[in-house]
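As given, the protein sequences belong to chains B and Z, one line each in that order. Going by the working numbering, the first sequence opens with residue 34, and the numbers climb by one from there. Going by the working numbering, the second sequence opens with residue -18, and the numbers climb by one from there. We put the beta carbon where it would ideally sit given N, CA and C, even for glycine. Note that the structure is predicted; figures quoted are calculated from it, not measured. Worksheet: one structure, shown below.
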Amino acid sequence: MATRLKEVDVVIIGLGWTGGILAKELTDAGMKVVAIERGETRSTEKDYSVPNVRDELRYVQRHDLMMNTARDTLTVRNNRSEEALPMRRLGSFLPGEVVGGSGVHWSGHTWRWTDMEFKVRSLYEERYGKTFIPADMTIQDWGISYDELEPYYDKFERTAAISGKAGNIRGEILAGGNPFESPRSREYPLPPLTPILASQMFTDAARNAGYHPFPRPSANASRAYTNPDGSKFGACQYCGYCQRFGCEANAKGSPHMTVIPIAMRSPDFELRTHSWVTRVNKDSTGKKVTGVTYTNVLNGEEFEQPAAVVLMCAYAINNVHLMLLSGIGKPYDPVSQTGVVGKNYCYQTGAAATLFFEGRHFNPFMNAGGSNASIDDFNINWAFDRAPHGFVGGYVVGGGFNTVLPIGYRPVPAGTPQWGKAWKAATAKWYQTAMQISASGSVMANRNNYLDLDPTYKNAFGLPLMRMTFDYKENEHKMGRHAADFINQTAKSMNPTTMNPATARTDPWTVVPYQSTHNTGGTIMGTNPRTSALNKYLQSWDCHNLFVVGANAFPHNSAYNPTGPVGALAYWTADAIKRYVKKPGPLV
Amino acid sequence: MSDQPMKDHDVGRRDFLRKAVAGGVAATTTALAPPALAQQPAAAAPAQEAPTAAYEFLNLDEQAFVEALVNHMIPADGLTPKGTDLGINVYIDRALGGAWGKGDRLYMQGPWKIGQPGQGYQLPLTPAQLYRAGIEATNAYCVRTYKKTFDKIDATQREDVLIGLSTGKIDLGALPTRTFWTTVYQTVMEGMFADPIYGGNRGKAGWKLIGFPGALAVNRENVEKYRDKPFPTDPLGIADMS
């Protein structure tokens, strides 16, 4: 029998970027907040310090900061005719599992998603006609606009110490930035990172071909910085251990050294670690939630924490899982295309080439998480005509490095033996001479890509695993081919000694190897309760005192990394909740 | 650690080992332990304090297999010492005997199905169990084909066996060949390129091979200074900085 605790104003499930932002904002507003986190507390001083953090085996190979699949995982399959089987260890994506969540081990790439995503169906139908969008592509408008979100993007960029160069301030196009971005109210808080050779070479090649390269905006402080909340950042050391690591210099914008410690100072905030929420409870009407039930994983004891407002702030797909386990909202059915929870699960696609230049020294161990020059000419550039290519969406191309360490990164030309003296000689010869050009591509929602509860497999709490049914569709194949062609053409223009060309991902999606921790959708935001789970304030249509915050709210996935809008929407939701508590009820 | 039943031909080796150890002489494998081992700091795992390549998991057959494997894959030449001199066998033994080998973070609930390749690892085996079964099956193949176990065949035959494993052409019966090979290959590379605190990459020879500077990485000034220039590096491991 669960021990019933005293009611609080707000309970937050999961303490990463979204939970941290909401904890800070809502305690600032005078609310009593309890955060319940399945992982443990780790700090820069104790845990992410040199030399111990510089350990590729522990953090990259063994996933020390990630979700433990022995306790909870998903089952996966490509389509409904297959039997889903458990993802028995992590591979394709890596949700975090510590205080700070994936915000500790991310690289920091921070983009502003624009109306090209938020109004995707309207824009494509208007320009290309209704039949351009395939019948099974379930993209829909998000119910929010870039202009509404702009102040919140700005706020997140300042909190997380984004280094970058604006390309458009209030409509004025600025040299050196991304000319295709939507207007921003002001410059980035920090100047761009110092470019590395690979990003310089890509910049030159792209510019020579008439494209518009710019430094990728990222949460790696290009110099020492104090954010508006007073959180202090060190300057990025280009240490090469960014993605999948905590930052020893506190140079990477992370919730564990910004919003969370600020919330912790408030007497109105309490953090309970090692605590696993198994259910969000509903009242007898089913129109409100009453709090959460959780298990202390140190001893198995079960608690019920009542709360006036519940915020799901776990990793995107874990929020969807909890919605399904709690029976909130109607589960999506791909056959009848009814229901909303689990709908529009999306991922990302990509392509990459490795270029070898004899005699060059790329020093691939010397980079920041965002040491990358990018072009958006095939992404948010609406002048890029999709009609001849027949795809919806786009891709961002980058040249540079991000955390390439020797167990995982030892580039050699294709056809090199995998062991022996010839392998060793080639490994020694080419390591310093290689750079990569890679594309990250959007994935449009499809009626057959979705999440539901698995009928067979259970987690450590005896609860059904979530089942992921996903594959790339023809739209993504077409875009991937376009991206691979572009990359190879650009690569050839740079006259490498040799290259391993890019190829499109046209085989079925696989759960190995690592691809991207950018899983989106499942409890999507929208304008209509029949086609979305949340309104534009990430408030549940079904239970008005429940907000589900994260990339789970994205109705489709863009080419960009998701954390920019995830952070902005968390601040946006915080403002909505401040209004909500004054007059509880549906905000739309 | 090893509690596997021994086969008849193991007994001779085991007796030899026992006598060798009793006589204060390093065991067969450890006679080759390079001076670099002495440089390993005491802060690392306790087994490193011993001046031998003592095994905690692999049985005698498996030790012989792994030593032959790593020395074939990483032969001595002007670039690096051979695999056992890099401690790759030690790395593999500890990895299999430790948490990862015992299935830490591995979802181990049934039902068990073979599934599609894209569904990833689906065997009801921990990495250590997979390694053990894979070595046994590979040795059985070698005995069928060459009348000798993998450690006793010549270099050409070993090359053929590794090609057969890596291309999946050798049938290991119930075990999916590629799954075994992928695990073997991953552990050899980890043993060559992981931080030396884990028992491999002795003398940071794997890092020196490619010019990787290791754990020391304060490059703020170096990004411009060494842009397109060789970075003069004597790599540092975690133990060097502890």
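Three-state secondary structure assigned by DSSP to residue i
i                      : result
residue 379 of chain B : strand
residue 70 of chain B  : coil
residue 75 of chain Z  : helix
residue 147 of chain Z : helix
residue 157 of chain B : helix
residue 96 of chain B  : coil
residue 139 of chain B : coil
residue 407 of chain B : strand
residue 45 of chain B  : strand
residue 36 of chain B  : strand
residue 123 of chain Z : helix
residue 617 of chain B : coil
residue 197 of chain Z : coil
residue 212 of chain Z : coil
residue 81 of chain Z  : coil
residue 545 of chain B : coil
residue 315 of chain B : strand
residue 208 of chain B : coil
residue 399 of chain B : coil
residue 116 of chain B : coil
Residues bridged to residue i [DSSP beta-bridge criterion]
i                      : result
residue 265 of chain B : B:259
residue 217 of chain B : B:202
residue 389 of chain B : B:467 and B:531
residue 483 of chain B : B:502
residue 472 of chain B : B:384 and B:430
residue 497 of chain B : B:491
residue 110 of chain B : B:502
residue 114 of chain Z : Answer by DSSP bridge pairing: none, since residue 114 of chain Z is not bridged.
residue 165 of chain Z : DSSP output for residue 165 of chain Z lists no bridge partner at all.
residue 309 of chain B : B:328
residue 572 of chain B : B:580
residue 539 of chain B : Paired residues: none, contrary to the question.
residue 338 of chain B : B:325
Cβ-based burial, residue i [other Cβ within 10 Å; buried from 16]
i                      : result
residue 370 of chain B : exposed
residue 413 of chain B : buried
residue 134 of chain Z : buried
residue 331 of chain B : exposed
residue 193 of chain B : buried
residue 95 of chain Z  : exposed
residue 426 of chain B : buried
residue 181 of chain B : exposed
residue 397 of chain B : buried
residue 218 of chain B : exposed
residue 422 of chain B : exposed
Proximity of residue i and residue j at Cβ, strictly below 9 angstroms
i                      : j                      : result
residue 637 of chain B : residue 170 of chain B : The first residue shown for chain B is 34 and the last is 621, placing residue 637 of chain B beyond what the model contains.
residue 94 of chain B  : residue 167 of chain Z : yes
residue 511 of chain B : residue 482 of chain B : no
residue 501 of chain B : residue 590 of chain B : no
residue 609 of chain B : residue 302 of chain B : no
residue 288 of chain B : residue 133 of chain B : yes
residue 186 of chain B : residue 583 of chain B : no
residue 54 of chain B  : residue 402 of chain B : no
residue 235 of chain B : residue 467 of chain B : no
residue 389 of chain B : residue 446 of chain B : yes
residue 271 of chain B : residue 400 of chain B : yes
residue 75 of chain Z  : residue 37 of chain Z  : yes
residue 123 of chain B : residue 96 of chain B  : yes
residue 314 of chain B : residue 359 of chain B : yes
residue 276 of chain B : residue 385 of chain B : no
residue 179 of chain B : residue 147 of chain B : yes
residue 278 of chain B : residue 138 of chain B : yes
Q) Pairing CB atoms from the segment 192 to 202 of chain Z with CB atoms from the segment 154 to 163 of chain Z, are three or more of them under 8 angstroms? A) No, because fewer than three Cβ pairs between the segment 192 to 202 of chain Z and the segment 154 to 163 of chain Z fall closer than 8 angstroms, the two stretches do not touch.
Q: Inspect the CB distances between the segment 41 to 48 of chain B and the segment 67 to 79 of chain B and report whether three or more fall short of 8 angstroms.
A: yes
Q | Cβ contact (3+ pairs, closer than 8 angstroms) linking the segment 153 to 162 of chain B and the segment 199 to 209 of chain B | A | no
Q: Decide if the segment 233 to 247 of chain B is in contact with the segment 522 to 529 of chain B; the criterion is three or more beta carbon pairs, one per stretch, under 8 angstroms apart.
A: yes
(Q) Closer than 8 angstroms is the cut-off here; do at least three beta carbon pairs connect the segment 124 to 143 of chain Z with the segment 51 to 59 of chain Z? (A) Touching, per the Cβ criterion.
(Q) Three Cβ pairs or more, each shorter than 8 angstroms: is that satisfied between the segment 545 to 565 of chain B and the segment 344 to 364 of chain B? (A) yes
Q. So does the segment 82 to 94 of chain B actually touch the segment 105 to 117 of chain B, counting three or more Cβ pairs closer than 8 angstroms?
A. no
Q: Determine, using beta-carbon pairs with one atom in the segment 333 to 349 of chain B and one in the segment 526 to 540 of chain B, whether at least three such pairs fall under 8 angstroms.
A: no
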